[in-house]
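Student: Structure incoming, see below.
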Amino acid sequence: MYEQIARNKRDSVFLVAIIVAVLLTLGFAIGVAYFRTYTAGVGLLGVFGIVAIVWSLIGYYGGAGIVLAASHAQQVTREQAPVLWNVVEEMSIAAGIPMPAVYVINDAAPNAFATGRDPKHASVAVTAGLLQMMSRDELQGVIAHEMSHVRNFDIRFATMVGVLVGMIALIADFFLRSTIFGGFGRRDSNNSGGAGAIFFLIAIVLAILAPFFALLVQMAISRHREYLADASGVELTRNPLGLAHALQRIAGDPNSLRVATRATAHLYIANPLKGRKAKETAGLFDTHPPIQKRIDILLAMAHAGPDTLTSQTAPQVAPSDAAGA
Amino acid sequence: MIAVIVVIVIVVILAIGLWTTYNGLVRRRNQVDNAWSQIDVQLKRRHDLIPNLVESVKGYMQFEQDTLTKVTNARAAAVAAGAQGPAAQAQAENTLTQTLRSLFAVVENYPDLKANQNVISLQEELTTTENKISFARQFYNDSVMSYNTQIQSFPANTIAGMFNFTPRQFFEGDAADREVPKVDLGMAPAVQMQQPPAPQAQQPPQPQAQQPPASQQPPTQ
Chain A
18 MYEQIARNKR DSVFLVAIIV AVLLTLGFAI GVAYFRTYTA GVGLLGVFGI VAIVWSLIGY
78 YGGAGIVLAA SHAQQVTREQ APVLWNVVEE MSIAAGIPMP AVYVINDAAP NAFATGRDPK
138 HASVAVTAGL LQMMSRDELQ GVIAHEMSHV RNFDIRFATM VGVLVGMIAL IADFFLRSTI
198 FGGFGRRDSN NSGGAGAIFF LIAIVLAILA PFFALLVQMA ISRHREYLAD ASGVELTRNP
258 LGLAHALQRI AGDPNSLRVA TRATAHLYIA NPLKGRKAKE TAGLFDTHPP IQKRIDILLA
318 MAHAGPDTLT SQTAPQVAPS DAAGA
Chain B
13 MIAVIVVIVI VVILAIGLWT TYNGLVRRRN QVDNAWSQID VQLKRRHDLI PNLVESVKGY
73 MQFEQDTLTK VTNARAAAVA AGAQGPAAQA QAENTLTQTL RSLFAVVENY PDLKANQNVI
133 SLQEELTTTE NKISFARQFY NDSVMSYNTQ IQSFPANTIA GMFNFTPRQF FEGDAADREV
193 PKVDLGMAPA VQMQQPPAPQ AQQPPQPQAQ QPPASQQPPT Q
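Listed in order, the protein sequences are those of chains A and B. Residue 18 is where the first sequence starts when you use this note's numbering, and the numbers rise one by one after that. Residue 13 is where the second sequence starts when you use this note's numbering, and the numbers rise one by one after that.
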């Protein structure tokens, strides 16, 4: 358990370092391309570095609040949503971490996410649709998945990488636009052949490739961590069928979540955006593994066949919390 | 000269090893203590809830005095067992769990009682407290196992012996809880992830019946 978390933290540091390196290389190349001296390249590298640090700090301390506000999540008390609150408290005990803040999103699409910078400053948000639809066991499976993200420090990683990838995309976009529409490109073509021209080419190639590369890293990790959170969520509940049923319900729901955007999609337990159809394989830019594959793995853990799910699709007792939220 | 340096390096390495191992042992022992206090909190919570519950259902259940008395007695026994260590306490708490289950089974027979708002919320409170007890127990036992394994393995066992780290008791669940294995506890997450889902044709129709322990097979001679 602790070894897994330690490995996760190490991986996170490594990947953030890679993304920062991409960012700094981009800064250096753009600097040299623009001003045609290495000093300027180093200068811009420094500027990008400082901006990245400031930006990351904002993301680190304010990211959770921003994400929750952007998702229109409202904090609830024990009295407003007793069942949800109790289930979250049960899972925090099972995971051995402090009780997180509990939020409800007033949306009919069933989904949930966790955010925060560490287990002491974590929040769990679920939609009203999820509360209405799920039995207690299913809700427990979903919350266990989210608490695993909290315990494994996935939430910090997701916030940091999200911030940095966004910054790379912004800078690359800005550079490409300014080369196409601005004067720097023309000025450079007048005295071709210097180091400036080479770096200009490198900068363009980097500006095109860097955002894709960074996004690729982010998404690959995001998919891997979803599998991991499923598995360690089951380690908490010891009941793979609860989460399997919950994912089945989420997959069967036609609504897509209105408050989710591309920037927050990777936080949710299942992809909240369109295109949730049953796919066999994960695309390179998917934030989530195919939901059917996740269900199959959970069923394999329970030694149950695929029929288990279809035999239990009758409506179950809904938690009364959804009305109070 | 070289010999002196070698000796110094070895001593430093040993000191660092001692330091990190000792800190690791302390961390695990504190986690065990913390996990135990979590169980304790939930057990106390249950002890506090039961008188309320008995009070609320008493009026409806004149004919079930026997069940109510059993619950009250089991609660008193569990409170008294609190000072006798994990093993004795687990025993008393498991008895209390059993009597509560039979009480809720009886409640099912009284429609008035089932509709009573007070009883409904007490029932939810007791359900979640039961769950919290079992999850706290799960976390406690995991912590104890990790701690016990650590102090019994080499080289930490030498340090554990020096500084008097003693093994802790497990908080045993009752037999009824163990009858329904819902999950393959031997699974390692990493392995499960790579394991392709078994084809449907190979799934046995009765999955629960597939793992008789080998030791229980009677030898045929």
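Yeah, the Cβ is synthetic: ideal placement off N, Cα and C, and Gly gets one too. Quantities reported herein were computed from a predicted structural model and do not represent experimental measurements.
Can you pull out the residues from the stretch 145-157 of chain B whose beta carbon lies closer than 8 Å to at least one beta carbon of chain A?
Tutor: F147, A148, Q150, F151, D154, S155
Student: Quick check: what's the CA-CA separation for A92 of chain B versus Q103 of chain B?
Tutor: 12 Å
Student: Among the candidates A:V30, A:A111, A:L43, A:Y51, whose CA atom is the shortest distance from the CA of F147 of chain B?
Tutor: A:A111
Student: Can you say whether N153 of chain B is buried or exposed, counting buried as having 16 or more other CB atoms within 10 angstroms of its CB?
Tutor: buried
Student: Out of A:W102, A:L223, A:I172, which one is the CA nearest neighbour of L156 of chain A?
Tutor: A:W102
Student: Using a C-beta to C-beta distance shorter than 7 Å, which residues of chain B count as neighbours of V100 of chain A?
Tutor: E136
Student: How is V16 of chain B classed by DSSP in three states: helix, strand or coil?
Tutor: helix
Student: Which residue from B:A15, B:N160, B:E137 puts its Cα closest to that of D60 of chain B?
Tutor: If we check each option's Cα against that of D60 of chain B, B:E137 comes out closest.
Student: I want to verify the contact list: residues of chain A whose CB lies under 8 Å from the CB of A127 of chain B, in sequence order.
Tutor: None at all; the shortest Cβ gap to chain A is about 14 Å.
Student: Return the residues of the stretch 122-147 of chain A that lie within a Cβ-Cβ distance of less than 9 Å from chain B, sorted by chain order.
Tutor: none
Student: If we cut at 8 Å on Cβ distances, does A287 of chain A have a partner in chain B?
Tutor: no
Student: Going by beta carbon distance, what residues of the same chain come within less than 7 Å of T178 of chain B, once the five residues before and after it are set aside?
Tutor: none
Student: Just to confirm, is the Cβ distance from V276 of chain A to S140 of chain A under 8 Å?
Tutor: no
Student: If you draw a straight line from the C-alpha of L62 of chain A to the C-alpha of T56 of chain A, how long is it?
Tutor: 10 Å
Student: Find the nearest neighbour of V38 of chain B within the set B:N160, B:L125, B:Q96, judged by alpha-carbon distance.
Tutor: B:N160
Student: In the structure shown, what three-state DSSP assignment does V131 of chain B receive?
Tutor: helix
Student: Could you please give me the residues that DSSP links to G133 of chain A through a beta bridge?
Tutor: Bridge partners of G133 of chain A: A:A139.
Student: For I122 of chain A, which beta-bridge partners are listed by DSSP?
Tutor: A:A90, A:T144
Student: Determine, using beta carbons only, whether Q50 of chain B comes closer than 8 Å to chain A.
Tutor: yes
Student: Tell me the residue span of the alpha helix (DSSP H) that contains F116 of chain B.
Tutor: 97-119
Student: Any heavy atom of the ligand PLP within a distance shorter than 7 Å of the CB on A81 of chain A?
Tutor: This structure does not include the ligand PLP; it has no bound ligands of any sort.
Student: Anyone know if the C-beta pair for Y285 of chain A and M177 of chain A falls short of 8 Å?
Tutor: no
Student: With a threshold of 8 Å between beta-carbons, can A47 of chain B be considered close to chain A, or not?
Tutor: Interface annotation, A47 of chain B: in contact with chain A, CB-CB separation under 8 Å.
Student: Measuring only the C-alpha atoms, how far is V18 of chain B from I25 of chain B?
Tutor: 11 Å
Student: Kindly indicate which residue of A:V33, A:S29, A:G146, A:F52 has the alpha-carbon position closest to the one of I215 of chain A.
Tutor: A:F52
Student: Less than 8 Å between the CB atoms is what I'm expecting for A46 of chain A and I219 of chain A, so what's the real figure, rounded?
Tutor: Indeed they touch by this definition, with Cβ atoms about 5 Å apart.
Student: Quick one: grab the DSSP three-state call for Y285 of chain A.
Tutor: strand
Student: Between which two residues does the alpha helix (DSSP H) holding I312 of chain A run?
Tutor: 308-318
Student: With a cut-off of 8 Å, does the C-beta of A111 of chain A fall near any C-beta of chain B?
Tutor: yes
Student: Can you list, in chain order, the residues of its chain whose CB lies under 7 Å from that of T141 of chain B, leaving out five sequence neighbours each side?
Tutor: The residues are Q54, R57, R58, L61.
Student: With a Cβ-Cβ cutoff of 8 Å, do G113 of chain A and F151 of chain B count as a contact?
Tutor: yes
Student: Report all residues from its chain with a CB closer than 8 Å to the CB of A134 of chain B; omit the five preceding and five following residues, and keep chain order.
Tutor: The sequence shown places Leu at residue 134 of chain B, rather than the Ala named in the question. Excluding residues within five positions, the ones whose Cβ falls inside 8 Å are L61, N64, L65, S68.
Student: So N160 of chain B contacts chain A; which residues on that side make the cut at Cβ distance below 7 Å?
Tutor: By Cβ distance, chain A contributes nothing, its closest Cβ being about 15 Å from N160 of chain B, past 7 Å.
Student: Should N130 of chain B be flagged as near chain A, meaning a C-beta pair shorter than 8 Å?
Tutor: no
Student: Check whether chain B comes within 8 Å of R204 of chain A, counting only Cβ atoms and requiring the distance to be less than that.
Tutor: Only weak support exists for where R204 of chain A lies, its pLDDT of 49 falling under 50; the coordinates are left without a value.
Student: Are the CB atoms of I67 of chain A and A231 of chain A within a distance shorter than 8 Å?
Tutor: no
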